[in-house]
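A.B. asks: Line by line, the protein sequences are chains P and Y.
Letter by letter, the first sequence follows residues 1 to 695 of our numbering.
Letter by letter, the second sequence follows residues 696 to 1003 of our numbering.
Think of the CB as a built atom: it goes at the ideal place given N, C-alpha and C, for glycine as much as any other residue.
Here it is, the structure, as structure tokens.
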Amino acid sequence: MPELLLELFSEEIPARHQRRAAENLKKLVTDGLVERGLLYEGAKAYATPRRLTLNVAGLAAASAPTKTERKGPRTDAPEQAIAGFLRAAGLSSVEEATVQSDPKKGDFYVAVTEKPGERTTDVIAEIMPQIVEKFPWPKSMRWGSGRLNWIRPLRAITATFATDGDEVETIDFEIDGLKSGNITYGHRFMAPEAIKAKRFDDYSSSLEKAKVVLDLDRRMEIIRSDADNLAFAQGLDVIADKGLLEEAAGLVEWPVVMMGSFDEKFLSLPEEVVTTAIRSHQKCFCLRTQSDGKLANRFLLISNLEAPDGGATIVAGNERVIHARLSDAKFFYDTDLNTPLEDRLPKLENMVFHEKLGTQSQRVERLVQLADELAPQVGANATDAARAAKLAKADLVTDMVFEFPELQGLMGNYYALAQGEKPEIASAIFNHYKPSGPSDDVPTEAVSIAVALADKLDVLTGFWAIDEKPTGSKDPFALRRAALGVIRISLENQLDLNLQQIVSNHMARIASVDETIVADLMSFFEDRLVVQMRDSGLAHDILDAVLGNGGLAKGFTLPSIVTRAKKLAALTESEAGESLVAGYRRAVNILKAEEKKDGKTFADPVDNGAFSQDEEAQLFSAIKVVNESVAANIASEDFDAAMQDLASLRTPVDAFFENVLVNDDDPNARVNRLNLLARLRDTMHLIADFSKLKG
Amino acid sequence: MSDSNIPRHMDPKNSFQGLILTLQNFWAEKGCVILQPYDMEMGAGTFHPATTLRSLGPKPWRAAYVQPCRRPTDGRYGENPNRLGHYYQFQVILKPSPENLQELYLESLYAIGIDPKVHDLRFVEDDWESPTLGAWGLGWECWCDGMEVSQFTYFQQVAGFECAPVSGELTYGLERIACYLQNVDSIMELNFNGREGDEKISYEDVFLQAEQEFSRYNFEHANTDMLFQHFKDAEEECKAILAAGDTGNQHQMAMPAYEQCIKASHAFNLLDARGVISVTERQSYILRVRELAKACGGAWLKTESGGA
């Protein structure tokens, strides 16, 4: 079958954009083909630092001709209508239209437009300029005197169409002065010569000979397995890092893995300092000794070159850079240790946290107050929590964190330990940023919990107070993450915190307290809770039902909301529960219909004396018992018992609907029964708003 | 590879000045005007009007020059092996950026003794932005065996104006490259003149005392009240010149105005090193310099060299 080969050859594409770009190219081209009636069997896209390649296989050489019919007005329609039809159909006279007869409608005009099939090469030549010009790069640029935008200068375009046999046609088009062709180039340094592109197979094997591995996943796999082998031979393990692996593979066309070493004296630095310097700054892999799991004074670098000296120069160069980086780090570490964290605090006065929320120093003051207030509620020593909060941000003004911002918190932990702080205070400095994402751990030590909660609640309260809430996809201050952090910390540690009250108290430290803002923040927490719980399998309607009868703004705590929701979920899944919910719906539907009919709501007391059937009396007495019991059980947070109470209503409810006709001819009996159903609804609402449950 | 005929003391492998001269010769051969450093204090070679102003407007331009860079906050009293408050950049600006700019750059590395067959040369993503100049561009950090040796940028905007045509800017970190070529760990150890024995003059001989003295001055003694006044004066003078030189369609004093913008920027850098500018104020000072830069860019576009 015929196949298409496209290559967009450019100056170096940033590693982090390559995979997405290849996928976008595939989607845009194949969508364009399908839109023009060209089907294909398979498409695969590839990316290297210098090229995006697309191969579409099993592609027809031309699209089938199409015939479209457009119905027009009757032949005896007014002239104006006919003229309008001709114009719309692109016909010059009525003779070009055909006439069709319909037994009911009579004779009417039809415009038949036949479109011949299009050659695939023509379609490609037509759609490519648009695709390239409008390519969705996150950030693109111009170069020279051109007007085209691309991620980096686009230097060559290869476009070939191979039909059966050996025939390969170059598809001609031009984009901002750049003509397509069939010439590409090999590795920048090892094989820069021109390569004539034919079919994809031939193209990719020519590239491979020219030291280019086209497939990003394969480059990753080469790096991974070569790295493992090199490490294994030395009794070492590679510290796996998928992000780094993809980045490294995106920086080379021909990966060559080599091992270098650094002075053992740097192993006295905190491990994370060494690995950060080597990984994030030099994009090299770190290693551990297999025997004891300790960091080894070795690293793996991924070069783009097979050098005649076996890479000795490259390794030596990388070793020098890493030596310099680690020397810097050691210098920072040693100097940082000379200044106690507390003495650094005045410098935070110069760091603005947010224009409307003051300096870091002011923020630290608030954190100290809030952590102190939270401590007893989370089982922490208040003095320790306040101390940890006070020192939590001090490492932001150390040399090490200035140079390696990703080490914030961690360095504070080390420096605190070095100056003799209690271990729980030191680890709270590290842990207070946690959880930093959905997969990050949640702090479990009491002091850490107090400071971590304080950190997040201060941010949330602050940004709510100045009305800088997240909107749509915009969340520049990561407030959703902060809210999720509070939720996870509370749930995983089963903390019964009255968030409404805590936030309300804390807002007084930032601005004047506005209860509507507090309530709005509470419902933000609830929204995040629903999202979070949905991921862990608790349906949102269950949570909505529970929140519908009382959420954070009413002083309920996160764990109690979740517990109630889980119990409710269990109840609704049980046979008794299903039947009860069905009874509830029936009651509510009847009430709705009758309220509409009568134009009033039914909320009067139930009249014991108006009962004429046993089932009425039985249901009423059951409701009275359950009503009291549920209220008491909710108050004591005994949700199991509360659910059992509800479940006990099932039998009388079923019996009632089976034997009692609500809309009795006697108006008094009818109204009394409706009042009874209203009572049933209200009783069930003590536990949850059952109307929020999905049918 | 560096010409084997050149004397030992001129070889970039042995001589800091040899490195500079080799780059100058290389880019002279490629048609650049070789300028001398601008005679004002500035934080980066980009501030030189040969880059900032000339990158604006439609006229083609090719220049290369060394620019001493003064970054008071980076001073370390000469004690840090890799960090100085005063150092050199070698700057190349080509407008419009030629199609083979990457190849030219690699050729220049070859000229100073970095053979791409032996060294691992890489173009690693770098988005460049200068908030004070209202400028941004895309390009790369150029790595040689894991070390950043240059910055390579396609200017998209300068002084708030879109660059059309686009200039390609290359900035070589001379001291760092020289350390690599000369195989020394500290900038101060660099052989400056390429001579040996009694004739040898090192980077330390030339600059250590200056580093120490300027660190002392910049961090401890610079008169901040006076510097605040300098900033204000430069800002006012800049605006005054801009107003006086504007004849409507033309501007007659874009360059003197821009010099005042450079002055304001340097006063700000000195104040920053003294730690007397808080983060919020910092932002507003940067904005004030940017406003000057933008106005100067606008004025330049109304001059002959700016294409008016």
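1) Contact criterion: CB-CB distance below 8 Å. Does Ser697/Y meet it with respect to chain P?
2) If we call anything under 8 Å between Cβ atoms a contact, is Asp638/P one with Ala545/P?
3) Can you tell me where the beta strand (DSSP E) holding Met220/P begins and where it ends?
4) For Ala565/P, which option in Lys456/P, Leu693/P, Asp614/P, Arg152/P has the closest C-alpha, if you only look at C-alpha atoms?
5) Excluding the five sequence neighbours on either side, which residues of its own chain have a C-beta within less than 8 Å of the C-beta of Ala64/P, listed in chain order?
6) With a threshold of 16 other CB atoms inside 10 Å of the CB of Ala949/Y, please say whether the residue is buried or exposed.
7) Whose CA, out of Gln282/P, Thr289/P, Leu86/P, Pro103/P, lies closest to the CA of Val110/P?
8) What's the call for Arg51/P, buried or exposed, on a 16-neighbour Cβ count within 10 Å?
9) Can you find a C-beta in chain P that's less than 8 Å from the C-beta of Leu903/Y?
10) Using a Cβ-Cβ cut-off of 8 Å, state whether Gln290/P counts as contacting chain Y.
11) Report the CB separation of Ile171/P from Ala125/P in whole angstroms; it is logged as a contact under 8 Å.
12) Please report the distance separating the alpha-carbon of Ala329/P from that of Phe404/P.
13) If you check the beta carbons only, do Gln945/Y and Lys997/Y fall under 8 Å apart?
14) Which runs of the alpha helix (DSSP H), 4 residues or longer, sit entirely within the region 42-117 of chain P?
15) Buried or exposed: which applies to Lys390/P, given that a residue is buried once 16 or more other Cβ atoms fall within 10 Å of its Cβ?
16) Between Ile957/Y, Arg985/Y, Ala1003/Y, which has its C-alpha nearest Glu736/Y's C-alpha?
17) Since Gly32/P is in the beta strand (DSSP E), which residue starts that stretch and which ends it?
18) Which residues bound the alpha helix (DSSP H) around Gln369/P?
19) What are the partner residues of Thr471/P, as DSSP defines its beta bridges?
20) For chain Y, is any of its Cβ atoms less than 8 Å away from the one on Trp254/P?
21) Compute the Euclidean distance between the alpha carbons of Asp928/Y and His781/Y, then round it to the nearest angstrom.
22) Within the 8 Å Cβ cut-off, does Phe818/Y reach chain P?
23) Determine which residues of the region 802-815 of chain Y have a Cβ less than 8 Å from any Cβ of chain P, and write them out in chain order.
24) Check each candidate in Ala416/P, Arg152/P, Glu578/P, Thr120/P and name the one with the smallest Cα separation from Glu133/P.
25) Suppose you measure from the CA of Lys434/P to the CA of Asn493/P; what does that come to, to the nearest Å?
26) Find the residues of chain P that neighbour Trp835/Y, judging by a C-beta separation of less than 7 Å, and give them in chain order.
27) Leu816/Y and Leu804/Y - do their beta-carbons sit closer together than 8 Å?
28) On the premise that Val662/P lies in contact with Leu670/P, defined as a C-beta separation below 8 Å, what is that separation, rounded to the nearest angstrom?
29) Just list the residues that DSSP pairs Asn886/Y with in beta bridges.
30) Candidates Ser845/Y, Asp840/Y, Gly841/Y, Glu820/Y: which alpha carbon is nearest Gly834/Y's?
31) Would you mind sorting Gln731/Y into buried or exposed? The rule is 16 or more other CB atoms within 10 Å of its CB.
32) Quick check on the burial criterion: 16 or more other C-beta atoms within 10 angstroms. Buried or exposed for Thr98/P?
33) Relative to the C-alpha of Ile715/Y, which residue among Ile882/Y, Asn795/Y, Gln786/Y, Leu828/Y is closest?
34) Where Met696/Y and Asp706/Y are concerned, what is the direct C-alpha to C-alpha distance, given to the nearest angstrom?
35) If you count every other CB in all the chains shown that lies within 10 Å of the CB of His506/P, and 16 or more means buried, which is it?
36) How many angstroms separate the CA atom of Val212/P from the CA atom of Ser303/P?
C.D. replies: Let's see:
1) Annotation note: pLDDT 47 at Ser697/Y (below 50); position unreliable, coordinate value reported separately. False, the Cβ-Cβ gap to chain P never drops below 8 Å.
2) no
3) Here Met220/P belongs to no beta strand (DSSP E); instead the alpha helix (DSSP H) covers 216-233.
4) Leu693/P
5) Gly37, Gly117
6) buried
7) Leu86/P
8) buried
9) no
10) no
11) 5 Å
12) 9 Å
13) yes
14) 79-89
15) buried
16) Ile957/Y
17) Run containing Gly32/P: none in the beta strand (DSSP E); it sits in the alpha helix (DSSP H), 15-35.
18) 360-378
19) Lys474/P
20) no
21) 25 Å
22) yes
23) Pro811, Lys812, Val813, His814, Asp815
24) Arg152/P
25) 14 Å
26) Glu12
27) yes
28) It should be noted that the sequence gives Arg, not Leu, for residue 670/P. 7 Å between Cβ atoms; contact.
29) Ser897/Y
30) Glu820/Y
31) exposed
32) exposed
33) Gln786/Y
34) At Met696/Y, the pLDDT of 47 sits below 50, so the modelled position is not reliable; the number obtained from the coordinates is stated separately. Roughly 10 Å between the two C-alpha positions.
35) buried
36) 13 Å
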